[in-house]
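I have placed the structure first, in the form of structure tokens, so that the comments after it can refer back to it.
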Amino acid sequence: MMQPVKDVIRLFRKGAIYSETTSIIFRISPVIYFSTVFMACLVVPFGSYKGIVSFDGDFIFFAYVLALGKFFNIISAMDTGSSFEGMGASREALYSMFAEPAFFILVGSFALFTGNTSFHKIFSTLHLGSSITYMLGGLAAFVLIMIAMIENSRMPVDDPKTHLELTMVHEVMVLDNSGFDLGLILFTGYLKFAMYGALIADFFIGGLSIMWTIPIFLMIQILFAIVIGLIESFMARFRMNHNPQFILTLSSVSFLIFLGVLLVLDKFV
Amino acid sequence: MINILFVILLSSIVSILRVNIKAKGIIAVSTIIVFALISSVISISAILGNNYEIILSGPILFGKVPVVVDSLSAWFVLTINFTMITGALYGFNYMKKYGSMKNEITLHCIAFVLVHFALLGICSVQNGFIFLLLWELMALSAFTLVIFEHEKPETIKAGLNYLIQSHVSIVFIMLGFIYVAFKTGSFGFDAIVEFSKHQSVLSGTALFLCFFIGFAIKSGFVPFHTWLPYAHPAAPTHVSGIMSGVLIKIGIYGILRMLLIINTDYTTIGFIILFISLFTGIYGVMLATIQHNLKKLLAYHSVENIGIIGIGIGLGCIGLGVSNKWMAILGFSGALLHTLNHSLFKSLLFYCAGNVYQAAHTLNVERLGGLIKKMPNTAILFLVAAIAICGLPPLNGFISEFMIYAGLYNWLYSSNLISLIAIIFTVGGLVLIGGLALLCFTKAFSIVFLGTSRYELHDEIRETGFWQLFPMYLTVAFMIIIGLFPKMFISLLQQPVSLFLRKVVFDQNIIKVGAIDSLQTISWLFFGLILFVIALLGLRKFMSRNRIIESGTTWGCGYTNASSKIQYTAGSYVRSYAKLAKPFLDIEKKEVEISEVFPSEKHYETDPYDKIERIFIDAPLKLINKITNQFMFLQNGHLQIYILYGIIFIATVICLPLIIDKIIMILHFLNNL
């Protein structure tokens with residue numbers, strides 16, 4: 048079970064090989080990619096506790112700083128001049144473009160629902176009271192899991208374990224990375240996973256005391272991993288040209304959440 | 298002060314005419330710098346609250362001419378000055394390659410100085426008549442700048458397209474001024490204020506919309522944007538830079554000024570502007586993504602960014618309308634800051650494109666590649682500007698987009714169903730714009746600068762000289778300062794924004810949002826990000842100190858005969874996007890299907906076109922052509938017939954009054970019967 052961690056540690060100790068085609072972009076990109084995810088983690092709250100930094104509109108920062116990492120990831124893949132990596136980069140850019148609106152509409156709905164615009168305040172004032180709010184919470188968790196799957200290039204959209212480069216998205220982008228850089232990229236992937244897990248957990252543990260927060264947090268993280276494992280085991284990857292439709296569906300689900308919030312707040316007169 | 302500027306203008310024009318070719322550029326650049334210094338001194342004190350006002354007594358025709366630099370004018374004057382200076386410095390070095398075209402250079406230098414003068418004037422006069430004169434001066438001199446390479450037919454075509462469209466814009470603005478002057482007898486802006494106070498809201502809105510269309514053509518709101526993608530690629534690079542950086546912003550200035558002086562229904566106007574801007578933003582970036590000409594791509598991005606600025610203005614207006622103070626503040630400051638930001642990164646991007654063009658003699662991205670190794674400075678500058686234009690941290694683009702987002706989310710507190718749906722669609726649209734911009738700039742940057750060269754170029758590619766790079770680094774420094782110290786600029790924006798806030802009385806119960814305070818935290822996070830990256834780079838260096846760092850070829854997944862031909866191209870990079878967006882786009886494709894067993898060389902070509910241009914410009918033109926073609930028989934080339942036309946015309950002119958007199962006489966006679 049600890050094999051991935053071991054891999055990363057081993058890679059950290061290795062030398063590297065760089066393609067002659069690449070430039071400085073290729074060398075700094077993994078570092079920037081990791082830094083952006085690290086920065087994004089700073090604003091994610093933990094239960095009723097603030098994130099390390101918390102301010103109004105921090106979710107905008109969250110999304111945009113992740114996009115910066117993606118920007119560098121994409122251009123680093125294009126830097127190698129490989130046709131396979133170009134293909135992965137093109138897909139990654141397209142998919143993340145479609146996934147972003149879902150996230151913003153989702154957070155916007157909860158901002159409207161709670162009247163706050165920072166992660167911490169949204170989660171700590173989110174009361175899951177009536178049955179319809181449970182439904183919203185469930186839908187939100189669904190959307191976030193799916194966004195996490197897309198961002199981390201998991202099964203229904205991308206298959207990290209496939210053996211054919213033509214069918215990869217994220218994996219093919221890092222074909223040329225090696226040594227410390229590859230370790231960093233893999234590590235960033237795990238960190239990103241945990242970050243989305245924490246966000247999902249926050250939907251449910253916002254108002255609880257610390258005694259409950261820690262076990263529930265761990266439980267939800269493990270549950271998140273299990274759910275993803277199940278999805279990966281029972282689902283095949285979509286055909287590449289079906290992916291955008293699938294990702295656009297997410298935006299519609301977020302829109303549904305938004306309508307649900309309107310319903311709860313009696314905005315339909 | 299005005300007299301001094303005028304004297305400088307005239308003396309510099311005279312001396313440009315007389316001196317030798319090398320000195321022309323020096324005089325033009327120094328005139329621009331002197332203009333900028335004088336006007337900046339006035340503007341800086343204006344933006345801190347001391348307006349500069351004098352009243353010139355004009356001829357009887359248009360009355361007194363008040364010249365007022367208030368904080369709104371000051372913000373635009375400062376924006377204009379910075380980009381004009383970098384444009385002039387860049388242009389001075391860029392034009393050295395055209396040393397043999399003496400007459401063109403003379404005209405170019407004069408037009409450049411005139412454009413700056415006209416822009417400064419437009420920002421400060423408050424008399425409609427003079428405003429129009431200066432507007433015309435700006436349009437004509439910009440036209441002269443665009444057609445510098447007039448021996449190319451497409452340049453002349455683009456120039457004429459621009460000339461005609463800017464005159465359509467002038468017609469609308471003139472209509473507005475003349476209507477008010479007709480009603481009140483004065484061309485002054487204060488007359489418009491008085492006039493719109495006593496009018497119904499509906500006619501105020503109509504008056505505003507008339508001005509709005511005029512200014513929207515100038516700034517390139519869809520569907521009035523069609524001149525932009527032609528004029529920008531045709532013009533010399535520094536001209537494209539200042540056109541995109543400041544010339545189209547003058548339209549934004551006009552819209553904001555009219556908002557200040559015309560009394561309208563802010564909510565309705567706000568919704569109209571918001572809707573048009575959202576459409577502009579999305580449509581602009583959608584088309585930008587599929588362009589293969591680097592400058593055309595940048596031109597469509599100007600359309601997109603005008604959309605973002607417009608969203609800010611729309612938000613601010615709605616904030617005034619629903620008396621939500623924070624929304625108005627965030628909307629207007631976001632729009633104004635984005636105006637400055639866009640003028641910085643867009644001019645920088647154009648300068649980079651200019652460097653690429655001078656090195657490779659092509660702007661077709663499909664023919665470029667791997668330039669980062671030969672032009673590292675240009676590449677890094679382009680990268681920084683690309684990050685900024687995508688609105689990514691830690692640069693200035695993020696700050697203004699963040700404020701617009703914050704304004705949008707703040708609107709959530711005071712809204713009914715319709716505005717809530719508007720918010721969600723605007724947020725979705727803004728995010729989509731960001732995502733598409735990311736797709737587009739990763740494409741532009743990686744195809745032009747990364748990988749290896751896709752095409753055999755004639756000349757050795759060399760980096761541009763230091764003096765041409767200098768204004769570019771100046772711009773980058775300014776961008777980074779805005780990104781890292783946003784608070785400073787927000788406090789400068791207080792005065793211009795407060796001009797708008799004075800228009801209405803606000804609801805005091807609206808919760809204060811911390812978005813502006815957040816900027817402080819954000820700038821700390823930016824510092825943190827940069828330091829973290831540096832630390833991590835150090836760590837990597839430390840970790841791999843004893844390891845072997847090799848270099849080899851790119852992993853070809855088993856294929857060992859890789860060449861630069863198999864790289865991803867711009868077309869293939871956006872292919873899946875183009876397929877998805879097909880219903881909204883107009884891409885002409887020429888491809889030959891492969892049917893032989895051993896395929897020979899094949900040709901594949903795509904040519905993107907603007908669907909809105911086809912509907913709004915080409916179709917009516919075709920119709921007009923069709924109608925006028927009916928009268929082709931009149932132009933038959935026989936001199937005798939032409940003389941006959943002349944005689945008929947003269948006879949008609951002489952006879953018509955006589956005949957009318959007779960008819961009136963008969964009518965009188967009949968009446969008296």
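Residue numbers (our numbering), protein chains in the order written: chain Z, 48 to 316; chain X, 298 to 970. We put the CB at the ideal spot given by N, CA and C, even for glycine.
- By the CB criterion at 7 angstroms, X:I539 and X:G517 fall outside the cutoff.
- At least 7 angstroms separates the CB of X:R554 from every CB of chain Z.
- Membership of Z:I75 in the alpha helix (DSSP H) is indicated by the continuous run 71-89.
- Fewer than three pairs of CB atoms, one per stretch, sit closer than 8 angstroms, so the region 879-888 of chain X makes no contact with the region 151-169 of chain Z.
- In the structure shown, X:T925 adopts helical secondary structure according to DSSP, grouped into three states.
- X:I407 is the residue among X:T376, X:I407, X:L556 whose C-alpha sits nearest the C-alpha of X:A325.
- Along the region 335-416 of chain X, the alpha helix (DSSP H) occurs as fully enclosed runs of 4 or more residues at 368-391, listed in sequence order.
- DSSP, read as helix, strand or coil, puts X:V422 in strand.
- Boundaries for Z:T161: no beta strand (DSSP E) harbours it, while the alpha helix (DSSP H) harbouring it runs 130-161, taken from the DSSP string.
- When only Cα atoms are considered, X:H658 and X:S493 end up about 53 angstroms apart.
- Contact between X:P793 and X:W372 holds, with the beta-carbon distance rounding to 5 angstroms and staying under 8 angstroms.
- Contact between the region 238-257 of chain Z and the region 61-72 of chain Z is absent, with fewer than three C-beta pairs closer than 8 angstroms.
- Following the DSSP letters along the chain, one finds X:D904 inside the beta strand (DSSP E) bounded by residues 901-906.
- Nearest to X:I579 by C-alpha distance, out of X:I566, X:N560, X:G604, X:F568, is X:G604.
- In the structure shown, X:G551 falls within a helical segment according to DSSP collapsed to helix, strand and coil.
- DSSP, read as helix, strand or coil, puts X:I846 in strand.
- Residue burial is scored here from C-beta neighbours: X:W524 has at least 16 other C-beta atoms within 10 angstroms and is therefore classed as buried.
- X:S640 is positioned such that its CB atom lies closer than 7 angstroms to that of X:T380.
- Nearest in C-alpha terms to X:L736, of all of Z:T260, Z:S143, Z:P203, Z:V311, is Z:S143.
- Within the DSSP bridge table, the entry for Z:I64 names X:E847 as partners.
- Contacts with chain Z at 7 angstroms (Cβ-Cβ) do not include X:F568.
- In the three-state reduction of the DSSP assignment, X:K887 falls in the strand class, which pools E and B.
- When secondary structure is reduced to three states using DSSP, X:N590 falls in the strand class.
- Taking a C-beta cut-off of 9 angstroms against chain X, the contacting residues of the region 58-80 of chain Z are F59, R60, K61, G62, A63, I64, Y65, S66, E67, T68, T69, S70, I71, I72, F73, R74, I75, P77, V78, I79, listed in chain order.
- Contacts between X:S861 and chain Z, judged by CB atoms closer than 8 angstroms, involve G128 in chain order.
- Ranked by Cα distance from Z:K53, the options Z:L183, Z:M196, Z:G230, Z:S101 are led by Z:G230.
- Close to Z:L297, with beta-carbon spacing below 9 angstroms, lies no residue of chain X; the smallest spacing is near 12 angstroms.
- By DSSP's assignment, X:G485 forms a beta bridge with X:N424.
- Taking Z:G236 as the centre and dropping the five residues before and after it, the same chain places the C-beta of N199 closer than 7 angstroms to its C-beta, in chain order.
- Here X:N317 carries a coil assignment [DSSP, helix/strand/coil].
- A Cβ-Cβ distance of about 4 angstroms is found for the pair X:V582 and X:L733, placing them in contact under the 8 angstroms criterion.
- In the structure shown, the three-state DSSP call for X:Y597 is helix.
- Note on geometry: alpha-carbon atoms of X:A683 and X:R842 lie some 33 angstroms from one another.
- Its chain contains G244 as the residues whose beta carbon lies nearer than 6 angstroms to that of Z:Q268, once the 5 sequence neighbours on both sides are disregarded; these appear in chain order.
- Z:F93 has Z:Y96 as its beta-bridge partners, per DSSP.
- Residue contact with chain Z for X:Q864: present (Cβ-Cβ distance below 7 angstroms to some residue of chain Z).
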